[in-house]
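Peer 1: When the count follows the numbering used here, it moves up by one through the sequence shown with no breaks and lands on 194 for the last residue.
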Amino acid sequence: MIILVGASASGKTEVAKQLVMNFGYKKCITTTTRTPRQGEEDGVSYHFVSKEEFKKLKMDNAFVESATYQNEYYGTQKKDLITKGIIILEPNGANALIDYLKEKALVVLIYSPKRLRKERMIKRGDQLAKIKPRLKKDDRLFAKKNLTKVDLYLVNKNEPLESLAAKIDNFYQECKTS
Ligand code: 5GP
């Protein structure tokens with residue numbers, strides 16, 4: 017299982033899409049209480065649930081891990097963990113899953129400079145007032161030191177997404193055969 021970690025607008029979602037479309041990985045669908053963004057679909061981007069539904073799932077012990085990010089709940093349900101899966105998590109969730117999966121977890125951290133993340137956020141229509149605090153918070157939250165392990169550290173300075181995805185796939189194949 018590949019755990020993909022990166023700040024908002026670091027390119028992680030697009031890289032995950034490439035891995036699914038061109039390299040045969042399957043995206044693990046996680047669960048969130050946030051509202052869908054434009055183009056996002058329930059059951060494809062996330063399982064979108066209400067806060068009440070989320071709490072019920074938690075009580076039923078459905079999650080491997082859950083976290084709060086930007087005042088919304090996010091969680092990985094046990095039923096959604098799959099073979100050759102790729103999952104996008106913030107560092108707390110990633111650490112919990114690393115604990116659960118042990119050596120089966122390959123952790124990829126994507127770093128992208130603040131200037132580029134800001135440009136992408138503006139382009140995708142994020143509210144201007146929210147961009148600055150989010151960039152600042154993300155720099156702290158997504159620091160390498162917050163992860164219990166990082167197997168592959170990638171820098172995305174507008175590198176083609178296919179090339180980033182190929183690096184991850186090569187690494188995954190190497191780990192499988194070593
Ligand atoms: P976004 O709302 O931008 O899609 O995601 C916000 C953050 O939540 C991202 O850093 C993403 O990796 C993280 N995230 C998505 N699903 C989960 C999950 O199931 N658990 C945890 N801990 N984080 C998640």
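Cβ coordinates follow ideal geometry from the N, Cα and C atoms, glycine included.
Spell out a yes or no on whether the region 166-174 and the region 55-67 are touching, meaning 3 or more CB-CB pairs, one atom from each, closer than 8 Å.
Peer 2: The region 166-174 is not in contact with the region 55-67.
Peer 1: At a cut-off of 6 Å, is Leu105 close to the ligand 5GP when judged by its beta-carbon and the heavy atoms of the ligand?
Peer 2: Answer for Leu105: yes, Cβ within range of the ligand 5GP.
Peer 1: Got a sec: is the Cβ-Cβ distance from Arg133 to anything in chain D below 7 Å?
Peer 2: No chain D is present in this structure, which holds just one protein chain.
Peer 1: Should Tyr41 be listed as close to the ligand 5GP, given that the test is whether its C-beta is under 6 Å from any heavy atom?
Peer 2: No, the beta carbon of Tyr41 sits no closer than 6 Å to any heavy atom of the ligand 5GP.
Peer 1: Can you tell me which of the three DSSP states Tyr169 falls into?
Peer 2: Strand at Tyr169.
Peer 1: Would DSSP call Lys42 helix, strand or coil?
Peer 2: Here Lys42 sits in strand by DSSP.
Peer 1: Would you mind working out which of Lys100, Leu105 and Leu113 sits nearest Leu157, comparing C-alpha positions?
Peer 2: For Leu157, the nearest C-alpha among the options comes from Leu105.
Peer 1: Any heavy atom of the ligand 5GP closer than 6 Å to the beta-carbon of Tyr85?
Peer 2: Tyr85 Cβ: within cutoff of the ligand 5GP.
Peer 1: Grab me the residues of Ser82's own chain with a C-beta within less than 7 Å of its C-beta, minus the 5 sequence neighbours each way, in chain order.
Peer 2: Taken in chain order, the residues that qualify are Lys74, Tyr89, Tyr90 and Gly91.
Peer 1: Which first and last residues belong to the alpha helix (DSSP H) in which Gly91 is found?
Peer 2: Premise fails: Gly91 lies in the beta strand (DSSP E), Glu88 to Gln93, not in any alpha helix (DSSP H).
Peer 1: Which same chain residues end up closer than 8 Å to Arg133 when comparing Cβ atoms and leaving out the 5 residues on each side of it in sequence?
Peer 2: Taken in chain order, the residues that qualify are Ala23, Ser24, Ala25, Ser26, Leu151 and Asp154.
Peer 1: What would DSSP say about Glu106, mapped onto helix, strand or coil?
Peer 2: Coil, per DSSP.
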